[in-house]
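Chains as they are written, first to last, in our numbering: chain A, 164 to 491; chain B, 87 to 348.
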């Protein structure tokens with residue numbers, strides 16, 4: 164929509180400019196092309212008309228865009244927030260992200276060096292040292308996800324944010340996320356297994372960042388709560404593709420499920436305990452899924468004696484027909 | 087230009103190549119049997135320009151199998167996205183050369199700019215976070231490079247030799263072939279190992295393995311062969327693998343390799 168309005172604005176500008184050129188050339192063209200003086204006047208009239216029409220189009224689109232943003236451009240809070248606010252916030256955030264990332268990279272680097280030294284010369288190592296190294300490695304994906312969550316949240320808050328479609332291989336996205344979490348899961352004695360049906364899943368047209376972000380949040384949760392196994396399954400029908408993230412954890416209590424996707428909600432909120440996470444991950448994941456024309460749902464069994472598990476199902480349109488020729 | 091020689095050649099273009107995080111990545115590349123070439127330009131001009139010229143010269147000269155490329159070179163404003171300039175030039179001159187962008191800009195507008203501005207969607211270019219573990223970097227490079235090696239080590243004790251079609255167990259001079267695993271059984275294990283090499287968590291569906299079994303019920307035949315493989319490797323290692331060890335069966339879906347813990 165924004166692109167269309169921009170194009171109309173440019174068209175208005177071009178018409179106005181043509182009008183201006185006509186007016187400017189009137190005396191010359193009048194002298195060289197048209198002998199009678201009256202012939203000059205129609206050209207200048209046309210020029211003035213084009214100038215007024217062009218400026219009119221450009222101005223009305225500009226004003227209309229402002230109104231439409233005030234009318235419908237609400238952020239997730241229902242408050243109006245202009246694109247400039249969002250862009251500025253994003254720029255500040257990226258600086259902040261860079262500055263925060265640097266010390267963490269140093270810590271992670273030193274931790275990996277120390278681990279290599281310990282592996283090269285095996286001996287008695289204090290259990291606390293090993294715990295510390297494992298904790299740093301465990302917290303690194305958390306940091307990456309937290310930074311990514313904030314960035315996506317800023318983008319979601321922007322009324323000008325668009326759902327950009329690109330050709331994407333969902334299997335590759337799942338593979339990357341599995342790469343990232345496999346080591347962390349393995350350290351905790353858990354296994355991540357993923358597969359797709361059909362095995363050659365192919366391309367869809369979707370927002371790559373959105374898929375990656377949603378599935379990362381789901382896998383992160385699943386690894387945290389799983390007993391021993393996390394399974395990620397990719398399937399499709401003619402119009403949609405689906406990512407099911409399953410874990411054999413204790414399950415979620417039925418009374419909590421309705422609040423699971425609320426902004427800032429964690430089970431600790433109910434228990435009046437200190438929150439162990441921001442409670443934004445699933446909220447952002449569902450918001451992104453719905454913004455992309457899909458949905459995110461959950462199904463869980465928390466019976467201790469039963470087949471307890473939790474399964475999140477992400478469904479997104481594959482946009483194979485409409486957008487394959489015109490990805491924007 | 088000074089260069090640190092450290093197999094398959096991976097060219098590292100990063101102004102923080104001596105940082106602990108890059109040293110850990112280089113160590114892991116070397117464990118993989120790959121040679122890490124580090125671009126280190128001589129001091130003089132703008133650091134970004136130096137790196138740009140040195141990186142292009144080094145690709146021309148060394149013909150690496152892949153490039154690990156940073157985005158930001160130093161703190162100068164002109165060099166904030168210098169890596170994207172280098173990326174654009176490399177993609178134009180060597181469109182088949184795999185490039186892994188090692189950066190914190192793995193998401194957001196800058197990544198989108200890079201993807202749209204410099205690349206075709208199927209260009210062998212990928213982005214990975216600087217905080218990614220060295221294992222994750224190696225996995226991504228394995229996939230970008232695309233070809234599997236002639237021998238695939240599974241953990242410390244198992245080696246799949248694709249060239250001789252034999253599976254070895256043990257380490258160093260104690261390494262010996264497991265002669266019970268040949269023919270179809272070797273092919274099943276090779277398929278599982280090749281998938282594990284590219285993507286450790288990926289399941290190999292029954293459909294891809296049933297061609298290595300026979301009889302009226304190929305799935306049952308496959309199950310028997312898998313059990314025989316596990317028994318043979320377990321015997322060679324003086325061990326016994328349980329249902330969720332070495333080869334994991336995911337109900338009604340397929341099998342996945344789980345390397346034994348060393």
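Each residue gets a CB set at the ideal place from its N, CA and C atoms; glycine is no exception.
For residue i, the three-state DSSP class (helix, strand or coil)
i: residue 292 of chain A; result: helix
i: residue 292 of chain B; result: helix
i: residue 267 of chain B; result: coil
i: residue 111 of chain B; result: helix
i: residue 413 of chain A; result: coil
i: residue 466 of chain A; result: coil
i: residue 179 of chain A; result: helix
i: residue 396 of chain A; result: strand
i: residue 223 of chain B; result: helix
i: residue 279 of chain A; result: helix
i: residue 223 of chain A; result: helix
i: residue 478 of chain A; result: strand
i: residue 354 of chain A; result: strand
i: residue 287 of chain A; result: coil
i: residue 218 of chain B; result: coil
i: residue 184 of chain B; result: coil
i: residue 266 of chain A; result: helix
i: residue 260 of chain B; result: helix
i: residue 460 of chain A; result: strand
i: residue 261 of chain A; result: helix
i: residue 473 of chain A; result: strand
i: residue 233 of chain B; result: coil
Limits of the alpha helix (DSSP H) - the one that residue i falls within
i: residue 310 of chain B; result: 304 to 322
i: residue 383 of chain A; result: 371 to 388
i: residue 176 of chain B; result: 168 to 179
i: residue 123 of chain B; result: Element bounds for residue 123 of chain B: not the alpha helix (DSSP H) but the beta strand (DSSP E), 120 to 126.
i: residue 451 of chain A; result: 444 to 454
Nearest residue (CA-CA) to residue i, options the options
i: residue 336 of chain A; options: A:469, A:348 and A:373; result: A:373
i: residue 332 of chain B; options: B:322, B:259, B:347 and B:340; result: B:347
i: residue 139 of chain B; options: B:234, B:176 and B:288; result: B:176
i: residue 118 of chain B; options: B:251, B:226, B:313 and B:291; result: B:226
i: residue 474 of chain A; options: A:453, A:463 and A:468; result: A:463
i: residue 418 of chain A; options: A:368, A:342 and A:465; result: A:465
i: residue 501 of chain A; options: A:446, A:412 and A:405; result: The shown model of chain A, from 164 to 491, leaves out residue 501 of chain A, and the question about it has no answer.
i: residue 448 of chain A; options: A:468, A:311 and A:349; result: A:311
i: residue 241 of chain B; options: B:260, B:252, B:299 and B:279; result: B:279
i: residue 179 of chain A; options: A:170, A:212, A:188 and A:349; result: A:212
i: residue 303 of chain A; options: A:407, A:216, A:258 and A:343; result: A:343
i: residue 456 of chain A; options: A:404, A:292, A:364 and A:331; result: A:404
i: residue 160 of chain B; options: B:343, B:134 and B:122; result: B:134
For residue i, the first and last residue of its enclosing beta strand (DSSP E)
i: residue 335 of chain B; result: 332 to 336
i: residue 95 of chain B; result: 94 to 99
i: residue 344 of chain A; result: Element bounds for residue 344 of chain A: not the beta strand (DSSP E) but the alpha helix (DSSP H), 333 to 350.
i: residue 140 of chain B; result: No beta strand (DSSP E) holds residue 140 of chain B; the alpha helix (DSSP H) holding it covers 133 to 148.
i: residue 155 of chain B; result: 152 to 155
i: residue 237 of chain B; result: 237 to 240
i: residue 342 of chain B; result: 340 to 344
i: residue 252 of chain B; result: 252 to 255
i: residue 328 of chain A; result: No beta strand (DSSP E) contains residue 328 of chain A, which DSSP labels as neither H nor E.
i: residue 246 of chain B; result: 244 to 247
Residue i CB to nearest heavy atom of the ligand SAH below 7 angstroms
i: residue 260 of chain B; result: With respect to the ligand SAH, the structure shown offers nothing to examine, as it has no ligands at all.
Minimum Cβ-Cβ distance from residue i to chain D less than 8 angstroms
i: residue 220 of chain B; result: Absence of chain D from the displayed structure is noted, the protein chains being A and B.
### Message
What are the residues in the segment 105 to 134 of chain B lying within 8 angstroms of chain A by C-beta distance?
### Response
Per Cβ criterion, the list reads 105, 106, 107, 108, 109, 110 and 113.
### Message
For the segment 330 to 345 of chain A, list every residue whose C-beta sits within 7 angstroms of some C-beta in chain B, in sequence order.
### Response
The segment 330 to 345 of chain A vs chain B, Cβ under 7 angstroms: 330, 338, 341, 342, 343 and 345.
### Query
Using 8 angstroms as the Cβ pair cut-off and three pairs as the minimum, do the segment 171 to 191 of chain B and the segment 469 to 481 of chain A touch?
No: the two stretches stay apart, fewer than three of their Cβ pairs being nearer than 8 angstroms.
#### Entry: Cβ contact check for the segment 172 to 192 of chain A and the segment 216 to 223 of chain A: 3 or more pairs under 8 angstroms
Touching, yes.
### Message
With three or more beta-carbon pairs closer than 8 angstroms as the criterion, would you say the segment 384 to 397 of chain A touches the segment 338 to 358 of chain A?
### Response
Flag = yes, the segment 384 to 397 of chain A and the segment 338 to 358 of chain A touch.
#### Entry: Contact the segment 93 to 113 of chain B vs the segment 139 to 158 of chain B: 3+ CB pairs below 8 angstroms
As far as the Cβ criterion goes, the segment 93 to 113 of chain B touches the segment 139 to 158 of chain B, which means the pair count is three or higher.
### Task
Take every Cβ of the segment 320 to 336 of chain B, pair it with every Cβ of the segment 299 to 307 of chain B, and state whether three or more of those distances are shorter than 8 angstroms.
The segment 320 to 336 of chain B makes no contact with the segment 299 to 307 of chain B: fewer than 3 CB pairs, one atom from each, lie closer than 8 angstroms.
### Query
For the segment 288 to 304 of chain B, which residues have a beta carbon sitting closer than 8 angstroms to at least one beta carbon of chain A?
Here the close residues are 288, 289, 291, 293 and 294.
### Query
What are the residues of the segment 269 to 287 of chain B that lie near chain A, defined by any Cβ-Cβ distance shorter than 9 angstroms?
Residues passing the 9 angstroms Cβ filter: 284, 285, 286 and 287.
### Task
Check whether the segment 215 to 224 of chain B touches the segment 265 to 276 of chain A, counting contact only when three or more Cβ pairs, one atom from each stretch, lie closer than 8 angstroms.
Yes, since at least three Cβ pairs between the segment 215 to 224 of chain B and the segment 265 to 276 of chain A fall closer than 8 angstroms, the two stretches touch.
### Message
Along the segment 267 to 284 of chain A, where does the CB come closer than 8 angstroms to a CB of chain B? Name the residues.
### Response
Going along the segment 267 to 284 of chain A in chain order, one finds 267, 268, 269, 271, 272, 273, 275, 276 and 279 with a Cβ nearer than 8 angstroms to chain B.
### Task
May I ask you to list, following chain order, the residues of the segment 285 to 316 of chain A that have a beta carbon less than 9 angstroms from some beta carbon of chain B?
Residues of the segment 285 to 316 of chain A with a C-beta atom less than 9 angstroms from some C-beta of chain B are 300, 303, 304, 306, 307, 310, 311, 314 and 315, listed in chain order.
### Query
Taking three-plus beta-carbon pairs below 8 angstroms as touching, is the segment 227 to 245 of chain B in contact with the segment 274 to 283 of chain B?
Look at the beta carbons and you see the segment 227 to 245 of chain B touching the segment 274 to 283 of chain B: at least three pairs across the two are nearer than 8 angstroms.
### Query
Can you list, in chain order, the residues of the segment 345 to 356 of chain A whose Cβ is nearer than 8 angstroms to any Cβ on chain B?
Per Cβ criterion, the list reads 345, 346, 354, 355 and 356.
### Message
To be precise: take each residue of the segment 317 to 348 of chain B, compare its Cβ to all Cβ atoms of chain A, and keep it if any distance is under 8 angstroms. Which residues remain?
### Response
Cβ contacts with chain A: 330, 334, 336, 339, 340, 342 and 344.
### Message
Which residues of the segment 446 to 462 of chain A have a Cβ closer than 7 angstroms to any Cβ of chain B? Give them in chain order.
### Response
Under the 7 angstroms Cβ criterion, the segment 446 to 462 of chain A contributes no residue.
### Query
What residues in the segment 214 to 241 of chain B bring their beta carbon closer than 9 angstroms to a beta carbon of chain A?
Cβ contacts with chain A: 214, 215, 216, 217, 218, 219, 220, 221, 222, 225, 226 and 229.
### Query
Would the segment 373 to 390 of chain A and the segment 318 to 329 of chain B be scored as touching if the rule is three or more Cβ pairs under 8 angstroms?
Not touching, per the Cβ criterion.
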